[in-house]
Structures are given as C-alpha cells and as structure tokens.
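A short worksheet on the structure shown next.
Numbering (this note's numbering), first residue to last: 375 to 516.
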C-alpha cells in the first residue's frame with residue numbers, strides 16, 4: 375500500500391460525521407492529494423519522494439482528523455441545542471394552552487354581557503335598517 379493510500383485509509387477509518395459529509399471530505403482530500411502529487415512529480419522524478427513531499431504539504435493526518443471531528447462535534451451540539459429549545463418551547467406552549475382551556479377562558483371570544491342590548495330597528499327613507507349596538511350602522515335588511 376502506498377503512502378497516499380495509507381493516508382486516505384487512516385483518514386477514512388477515523389473521521390466522524392454522516393456519510394454524505396464524510397464522502398465529500400474524503401473526495402476533496404483525495405483531489406487535493408492528487409493535485410499536490412502531480413505538482414511534486416513534475417518537480418521530481420522519484421515517485422516515493424514525490425509522495426512524501428505531497429503528504430508533508432497536506433499535513434499530519436492526525437491533525438486533520440482531530441480538527442474534522444471537533445467540527446462535527448460542534449455541529450452536533452448546535453443541532454441538539456436547537457432541538458432542545460424547540461421541544462421546551464412546544465412543551466411550554468402545550469402546558470399553557472391546556473391550562474387556559476381548563477380555566478374555561480378563551481381570549482379570542484370575550485364572555486357575553488350579562489344583559490345583552492337588543493337590536494334596534496328604525497326606518498330610514500323607507501328602508502328598514504338594523505342598528506347594531508357595537509357598530510354605527512349595518513347594511514339594510516332585505
């Protein structure tokens with residue numbers, strides 16, 4: 375197994391994250407490794423020396439693994455924190471709505487007056503107009 379294959383195998387076995395992100399990261403590192411290896415082969419005729427220089431330019435695989443895994447851990451914590459906030463907000467909302475329902479009050483429907491005012495009618499230019507106590511005038515009855 376060559377040095378680049380070993381580098382990618384160690385990387386593949388140690389990085390965390392979901393499959394799509396891992397595959398994207400491995401493909402990107404592999405492409406960078408190929409580019410650097412091509413540059414090194416153009417500068418040197420020895421393939422082993424070119425691989426060593428290319429791997430040195432990419433950096434230590436352990437550093438790459440630790441920084442990638444730290445990033446995945448941060449993202450996972452952020453998602454869990456957001457889910458927890460949503461669950462807590464939903465729980466509070468359900469509790470408040472249950473308490474409001476249990477008390478028998480609904481702010482959207484005010485309680486009726488004890489003695490409702492009857493609707494009054496009057497004649498206005500020969501048409502019967504219903505006067506609503508809550509509004510000035512309502513439309514003519516037909």
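Yeah, the Cβ is synthetic: ideal placement off N, Cα and C, and Gly gets one too.
Quick caveat, the model's predicted, so the values are computed rather than measured.
Taking C-beta separations shorter than 6 Å and ignoring five residues to either side along the sequence, residue 392 has no partners in its chain. In its chain, beyond the 5 residues on either side, no residue has a beta carbon closer than 7 Å to the beta carbon of residue 423.
Collapsing the DSSP output to three states places residue 389 in coil.
Using a Cβ-Cβ distance cut-off of 8 Å, the stretch 427–439 and the stretch 376–389 are in contact, since at least three pairs of beta carbons, one from each stretch, lie closer than that value.
In the DSSP assignment, residue 441 falls within the alpha helix (DSSP H) that extends over 435–477. Where residue 422 is concerned, the enclosing alpha helix (DSSP H) starts and stops at 421–432.
With contacts defined as CB atoms closer than 8 Å, residue 443 and residue 389 qualify as a contacting pair. Around the Cβ of residue 408, a 10 Å sphere holds fewer than 16 other Cβ atoms; the residue is exposed.
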